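Per my numbering, the very first residue in the sequence shown carries number 32; after that it's consecutive.
Positions of the beta carbon are idealized from the N, C-alpha and C atoms, including for glycine.
Here the structure is a predicted model, which means the values were calculated and not measured.
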Amino acid sequence: MNKQVGKLLKEAGVWREFVVMMILRSPFDICNSILTANMMQKFMRLIEQNQSENLGKTLGVFFALTVLLFGYNMTIWSTIAVRFTVKLQKTLREKMFHKIMSLPASELMGSSKAEWFTRLNNDIDKAVGYLVNPINFMHMVIASVNLVISSVIMMFLSVELYIIGICCLVPFFMLNVFVISSKINVFKKEAQKSLVGYTDWIDAALKEKEMLAVYDAKDFAGKRIAQKSTGILKQNMKAHNRGAICNMFYAFSGMLGYLLLLYRGNGIIEKKLDDFADLCKVTQYRGMLVLSFNCVLNSIINMRGSLVGVERVNEVLLGGKDDGRTTA
Numbered sequence: 032m033n034k035q036v037g038k039l040l041k042e043a044g045v046w047r048e049f050v051v052m053m054i055l056r057s058p059f060d061i062c063n064s065i066l067t068a069n070m071m072q073k074f075m076r077l078i079e080q081n082q083s084e085n086l087g088k089t090l091g092v093f094f095a096l097t098v099l100l101f102g103y104n105m106t107i108w109s110t111i112a113v114r115f116t117v118k119l120q121k122t123l124r125e126k127m128f129h130k131i132m133s134l135p136a137s138e139l140m141g142s143s144k145a146e147w148f149t150r151l152n153n154d155i156d157k158a159v160g161y162l163v164n165p166i167n168f169m170h171m172v173i174a175s176v177n178l179v180i181s182s183v184i185m186m187f188l189s190v191e192l193y194i195i196g197i198c199c200l201v202p203f204f205m206l207n208v209f210v211i212s213s214k215i216n217v218f219k220k221e222a223q224k225s226l227v228g229y230t231d232w233i234d235a236a237l238k239e240k241e242m243l244a245v246y247d248a249k250d251f252a253g254k255r256i257a258q259k260s261t262g263i264l265k266q267n268m269k270a271h272n273r274g275a276i277c278n279m280f281y282a283f284s285g286m287l288g289y290l291l292l293l294y295r296g297n298g299i300i301e302k303k304l305d306d307f308a309d310l311c312k313v314t315q316y317r318g319m320l321v322l323s324f325n326c327v328l329n330s331i332i333n334m335r336g337s338l339v340g341v342e343r344v345n346e347v348l349l350g351g352k353d354d355g356r357t358t359a
């Protein structure tokens, strides 16, 4: 976990609750993967053995297990995750408000109203989103658990097919994480700065509209607002384009791996796997492996954007404090 995020959790006093939530939520994806893969294998085997009369009964069993699994997941979200999110947002906003109010007048006036408004709202939303929003830190951890355990199971079923799948994924994953998406955090930070300037000009234009009319400066103010708005759009588009390139490479690696899996699968069935049902099971695990890789990648991309909010919140809440006491 990023040190800035660890400091934020400790400052908000929700570290233990977050760990408990993660532990309870982590098994979901791998349990879903195991259930789906075994269901596919069972269906294929029944069809191969001409036991289609048992398909309905088998479907009923797997449907019941799926309902229980998703029911557990929904219970975790409704009883723990939602409560945690509300508590974290409330605590951070209260602490941020009191911290801003306790600042010396000189420091308070050193930044614009828009700057403080952005920190109190947008930055806190981003900080909370880093932890609980879809495809962010929490989903990265869950996908990583699924990735590791699915890899172990897939190696047990067929080492060769696992190596084929990994060789198609890892190079593109490393390229996306360390090269293509590395600038996303910079673009998001610039967009956040442009948002502050945009809010400043909007506030001034609304409050001083009579003064702008007297000095015939309405067009000038309008141009400045448009420039700031365009700046936000440009930076967000740069980040979006980087994300789109990452998704393109992910799709290519997925198709390549699937084709190689089918190409080698026929020969491996004859040597190592019992039947086509086993190949379907391996293919299903490989599909979940690809989904986990994609989830981890997209989570890292989103986290880099949300981390801007975490850093800006900590700048206020932890300003002047000894950073050593909140080491993650």
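Among the options, the one whose alpha carbon lies nearest that of residue i
i       : options                            : result
Arg-255 : Gly-228, Asn-164, Phe-204, Ile-195 : Gly-228
Trp-108 : Asp-309, Leu-55, Lys-312           : Leu-55
Asn-272 : Leu-134, Asn-207, Val-327, Ala-236 : Asn-207
Val-327 : Ser-137, His-170, Leu-66, Thr-314  : His-170
Leu-310 : Ala-68, Leu-119, Leu-162           : Ala-68
Lys-157 : Leu-349, Val-344, Phe-203, Leu-348 : Val-344
Asn-63  : Val-36, Tyr-103, Lys-41, Gln-82    : Tyr-103
Gly-79  : Leu-349, Val-347, Ala-308          : First, the amino acid is wrong: residue 79 is Glu here, not Gly. Of the candidates Leu-349, Val-347, Ala-308, the one whose C-alpha sits nearest the C-alpha of Glu-79 is Ala-308.
Gly-350 : Met-105, Arg-295, Leu-134          : Leu-134
Ala-112 : Glu-84, Asn-153, Val-50            : Val-50
Ile-332 : Lys-219, Val-92, Asp-250           : Lys-219
Gln-72  : Leu-188, Leu-200, Gln-258          : Leu-188
Contact check, residue i vs residue j, beta carbons under 9 Å
i       : j       : result
Glu-221 : Gly-262 : yes
Glu-146 : Asp-247 : no
Val-163 : Phe-101 : no
Thr-89  : Phe-74  : yes
Met-205 : Gly-196 : no
Ala-252 : Ala-270 : no
Ser-181 : Leu-320 : yes
Phe-283 : Phe-203 : yes
Ile-61  : Val-210 : no
Thr-149 : Gln-223 : yes
Ala-174 : Phe-324 : yes
Phe-168 : Met-52  : no
Glu-191 : Lys-126 : no
Ile-194 : Asn-329 : no
Val-172 : Ser-260 : no
Phe-128 : Leu-99  : no
Pairwise C-alpha distance: residue j and residue i
i       : j       : result
Phe-59  : Lys-214 : 32 Å
Ser-212 : Cys-277 : 7 Å
Met-267 : Leu-77  : The sequence given here has Asn at residue 267, not Met. Asn-267 and Leu-77: Cα-Cα distance of roughly 51 Å.
Leu-322 : Thr-122 : 34 Å
Leu-39  : Leu-291 : 45 Å
Leu-178 : Val-341 : 27 Å
Arg-317 : Tyr-281 : 14 Å
Gly-336 : Val-313 : 35 Å
Val-339 : Gly-274 : 17 Å
Leu-264 : Asp-234 : 20 Å
Met-140 : Leu-119 : 28 Å
Ile-65  : Val-117 : 33 Å
Asn-85  : Gln-315 : 22 Å
Val-347 : Asp-154 : 11 Å
Ser-225 : Met-132 : 24 Å
Arg-47  : Val-183 : 30 Å
Met-279 : Val-201 : 15 Å
Glu-241 : Asp-250 : 13 Å
Test: residue i CB closer than 9 Å to a CB of chain D
i       : result
Ile-155 : Among the chains of the structure shown, chain D does not appear; only one protein chain is present.
(request) Note down, one range per segment and in chain order, each alpha helix (DSSP H) of at least 4 residues found wholly within the stretch 94–157. (result) 113–132, 136–140, 144–149
(request) Any chance you could list the alpha helix (DSSP H) runs of at least 4 consecutive residues sitting entirely within the stretch 212–262, in chain order? (result) Entirely contained in the stretch 212–262, the alpha helix (DSSP H) runs reaching 4 residues are, in chain order, 215–238, 240–245.
(request) Go through the stretch 56–95 residue by residue and report every complete run of the alpha helix (DSSP H) that reaches 4 residues or more, in order. (result) 58–79
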